[in-house]
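Written out below as structure tokens is the structure these notes cover.
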Amino acid sequence: MKRPTIADIASRAGVSKVAVSYALNGQPGVSEATRARIVAIAEEIGWRPNSAARALNGARANCVGLALCRPARILGVEPFFMELISGIEGVLADRSYGLLLQVVTSHQQESEVYRTWWGESRIDGVFLVDLHYADSRVAELERLGMPVVVIGHPSESGSLSAIWSDDGEAVRETVGYLVALGHRRIARVAGLPALVHTAVRDQAFVQACEGVAEHVIVHTDYTGEEGARATRRLLSSPDRPTAIVYDNDIMAVAGLSVAQEMRVEVPRDLSIVAWDDSPLAQVVRPPLTALTRDIPAYGAHAAQRLLALIAGESVPPYEDRAASLTPRGSTGPVA
Numbered sequence: 001m002k003r004p005t006i007a008d009i010a011s012r013a014g015v016s017k018v019a020v021s022y023a024l025n026g027q028p029g030v031s032e033a034t035r036a037r038i039v040a041i042a043e044e045i046g047w048r049p050n051s052a053a054r055a056l057n058g059a060r061a062n063c064v065g066l067a068l069c070r071p072a073r074i075l076g077v078e079p080f081f082m083e084l085i086s087g088i089e090g091v092l093a094d095r096s097y098g099l100l101l102q103v104v105t106s107h108q109q110e111s112e113v114y115r116t117w118w119g120e121s122r123i124d125g126v127f128l129v130d131l132h133y134a135d136s137r138v139a140e141l142e143r144l145g146m147p148v149v150v151i152g153h154p155s156e157s158g159s160l161s162a163i164w165s166d167d168g169e170a171v172r173e174t175v176g177y178l179v180a181l182g183h184r185r186i187a188r189v190a191g192l193p194a195l196v197h198t199a200v201r202d203q204a205f206v207q208a209c210e211g212v213a214e215h216v217i218v219h220t221d222y223t224g225e226e227g228a229r230a231t232r233r234l235l236s237s238p239d240r241p242t243a244i245v246y247d248n249d250i251m252a253v254a255g256l257s258v259a260q261e262m263r264v265e266v267p268r269d270l271s272i273v274a275w276d277d278s279p280l281a282q283v284v285r286p287p288l289t290a291l292t293r294d295i296p297a298y299g300a301h302a303a304q305r306l307l308a309l310i311a312g313e314s315v316p317p318y319e320d321r322a323a324s325l326t327p328r329g330s331t332g333p334v335a
């Protein structure tokens with residue numbers, strides 16, 4: 001079927017295409033009765049404005065962008081981004097906004113995507129995630145001048161509006177809990193070292209362990225394979241840790257599997273904590289102690305702020321609620 005056009009509406013209404021354009025764009029030049037008739041016909045035949053034509057007229061795209069510089073295979077199994085997007089979509093849908101999502105392989109490609117989207121008027125703004133130190137994307141987005149919400153710490157977001165939570169607080173709570181259980185050798189299986197939030201967590205972990213527990217940090221790429229490999233190395237050490245904190249639930253589940261493979265009993269011989277709770281962390285046995293936060297709400301708050309920026313409002317940095325510890329069967333006192 002052919003897409004309905006302004007010419008179809010004009011023919012049905014017995015008016016010119018110019019009159020239809022005036023009526024549908026709320027401009028003077030047609031009577032209210034004619035305007036009402038044209039709008040009713042447009043609704044009846046299912047006409048919608050052409051996004052390309054709207055862009056040429058400087059109209060909003062009613063769409064925002066999210067580019068992810070992560071392997072697509074990770075996105076398919078890691079719940080964090082799916083939950084974040086669900087929260088974003090919930091807010092966007094209420095405002096009839098779409099989300100344009102693209103997976104990229106480098107920051108350079110990501111910046112090129114932003115330039116294309118903005119130059120072709122395909123989006124009204126973007127979310128920036130996985131913030132790095134001295135992040136080249138921040139300078140590029142500042143230069144483009146588009147509305148941006150950084151989902152990350154404001155210390156590295158430049159002049160862009162940021163939303164974040166205090167990861168250091170969550171780390172301190174976790175270490176304090178493990179120390180109270182008698183753990184004195186604690187490991188952290190962390191994510192990518194270049195990420196700002198990884199460095200924040202690393203620093204908080206080292207400080208929290210200082211004077212109360214020996215500690216070690218192993219960096220990975222967030223995959224289950226890397227999490228399993230790191231766990232095998234740690235548990236093969238002569239001074240193996242009695243507790244391990246993982247940077248996501250996928251690695252924690254992989255670590256639990258390795259412990260069982262090596263006949264290290266959880267939680268009697270090893271306590272395990274996962275960052276970001278999920279159904280996956282709850283269905284394994286024993287269920288995993290986890291750092292819990294409302295990730296869909298986090299995404300919703302980010303979307304609300306981006307839409308406010310698009311509307312021309314001033315949006316200051318916003319600190320969301322920090323993750324809190326939810327103890328389950330994977331942690332216990334040192335045997």
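Using full-length UniProt numbering, read the sequence shown as starting at 1 and increasing by one per residue.
Built from N, CA and C at the ideal position, the CB exists for glycine as well.
Predicted, not measured: the structure shown is a model, and the values here were computed from it.
Whole angstroms is fine: what's the gap from threonine 105's alpha carbon to glycine 14's?
Taking the sequence shown and counting its residues from 1, the one referred to as residue 105 is at position 105. Taking the sequence shown and counting its residues from 1, the one referred to as residue 14 is at position 14. Going by the C-alpha atoms only, they are around 53 Å apart.
For glutamine 260, is the classification buried or exposed, using 16 other Cβ atoms within 10 angstroms of its Cβ as the cut-off for buried?
In the sequence shown, counting from the first residue as 1, residue 260 sits at position 260. Looking at its Cβ environment, which holds fewer than 16 other Cβ atoms inside 10 Å, glutamine 260 is exposed.
First and last residue of the beta strand (DSSP E) that includes isoleucine 85?
As a working mapping, residue 85 is identified with position 85 in the sequence shown. Isoleucine 85 -> not in any beta strand (DSSP E); alpha helix (DSSP H) instead, spanning 79-94.
Determine, for alanine 323, whether the minimum Cβ-Cβ distance to residues of chain C falls below 8 Å.
In the displayed structure, chain C is absent; only one protein chain is listed.
Work out the CA separation of tyrosine 177 and threonine 331 for me, nearest whole Å.
Locating residue 331 in the sequence shown gives position 331, counting from the first residue. Locating residue 177 in the sequence shown gives position 177, counting from the first residue. Rounded to the nearest whole angstrom, the C-alpha separation of threonine 331 and tyrosine 177 is 10 Å.
Express the C-alpha separation of alanine 308 and arginine 95 in angstroms, rounding to a whole number.
As a first step, residue 95 is located in the sequence shown; it is residue number 95 there, counting from the start. As a first step, residue 308 is located in the sequence shown; it is residue number 308 there, counting from the start. Answer to the nearest angstrom: the Cα atoms are 12 Å apart.
Below 8 Å between beta carbons: does that hold for glycine 224 and tyrosine 246?
Working through the sequence shown from its first residue, we reach residue 224 at position 224. Working through the sequence shown from its first residue, we reach residue 246 at position 246. With respect to tyrosine 246, glycine 224 sits apart: the two C-beta atoms are not nearer than 8 Å.
Name the two residues that bound the continuous beta strand (DSSP E) containing tryptophan 275.
What you label residue 275 is simply residue 275 of the sequence shown in a count that begins at 1. Note, tryptophan 275: beta strand (DSSP E), 271-275.
Where do the ends of the beta strand (DSSP E) carrying valine 253 lie?
Here residue 253 corresponds to residue number 253 of the sequence shown, with the count starting at 1. Not the beta strand (DSSP E): valine 253 falls in the alpha helix (DSSP H), residues 249-261.
Would you mind reading off the limits of the beta strand (DSSP E) that contains cysteine 63?
Position 63 of the sequence shown, counted from the first residue, corresponds to residue 63. Taken as a continuous stretch (DSSP letters only), the beta strand (DSSP E) holding cysteine 63 covers 63-68.
Do isoleucine 88 and alanine 302 have their C-beta atoms closer together than 8 Å?
As a first step, residue 88 is located in the sequence shown; it is residue number 88 there, counting from the start. As a first step, residue 302 is located in the sequence shown; it is residue number 302 there, counting from the start. Going by C-beta atoms, isoleucine 88 is nearer than 8 Å to alanine 302.
Applying the criterion that 16 or more other CB atoms from any shown protein chain within 10 Å of the CB defines a buried residue, is glutamine 203 buried or exposed?
Taking the sequence shown and counting its residues from 1, one reaches residue 203 at position 203. Glutamine 203 should be labelled exposed.
Measure the alpha-carbon distance for glycine 211 versus arginine 240 and round it to whole angstroms.
Within the sequence shown, the letter at position 211 stands for residue 211. Within the sequence shown, the letter at position 240 stands for residue 240. The alpha-carbon atoms of glycine 211 and arginine 240 are separated by roughly 18 Å.
Are arginine 305 and isoleucine 123 closer than 8 Å when you measure CB to CB?
By one-based count along the sequence shown, residue 305 stands at place 305. By one-based count along the sequence shown, residue 123 stands at place 123. At least 8 Å separates the beta-carbon of arginine 305 from that of isoleucine 123.
Determine whether the beta carbon atoms of threonine 34 and alanine 19 lie at a separation below 8 Å.
Against the sequence shown, residue 34 aligns to sequence position 34. Against the sequence shown, residue 19 aligns to sequence position 19. For threonine 34 and alanine 19, yes; Cβs fall inside 8 Å.
Assuming glutamate 214 contacts arginine 184 under a Cβ cut-off of 8 Å, what Cβ separation, rounded to an integer in Å, is found between them?
As a position in the sequence shown, residue 214 is number 214, starting the count at 1. As a position in the sequence shown, residue 184 is number 184, starting the count at 1. Going by Cβ atoms, the distance from glutamate 214 to arginine 184 rounds to 6 Å, so yes, they are a contact pair.
How long is the line joining the alpha carbons of arginine 12 and glycine 26, rounded to whole angstroms?
As a first step, residue 12 must be located in the sequence shown, where it is residue number 12. As a first step, residue 26 must be located in the sequence shown, where it is residue number 26. Rounded to the nearest angstrom, the two C-alpha atoms are 19 Å apart.
With a CB to CB cut of under 6 Å and the five nearest residues on each side skipped, what residues in its chain are close to alanine 281?
Here the question's residue 281 lines up with position 281 in the sequence shown. Only Asp249, Ala274, Leu288, Ala290 meet the Cβ criterion.
Of the choices Ala300, Ile151, Val218, Tyr114, whose alpha-carbon is the least far from that of valine 91?
Here residue 91 refers to the residue found at position 91 when the sequence shown is read from its first residue. Closest option to valine 91, Cα to Cα, is Ala300.
Look at the alpha carbon of glycine 46 and the alpha carbon of proline 4, and state the distance between them as a whole number of angstroms.
By one-based count along the sequence shown, residue 46 stands at place 46. By one-based count along the sequence shown, residue 4 stands at place 4. So the two alpha carbons sit approximately 7 Å from each other.
What separation, rounded to the nearest whole angstrom, lies between the Cα atoms of glutamine 207 and arginine 188?
Start at 1 with the first residue of the sequence shown, and residue 207 comes out as number 207. Start at 1 with the first residue of the sequence shown, and residue 188 comes out as number 188. Looking at the two C-alpha atoms, the distance is approximately 13 Å.
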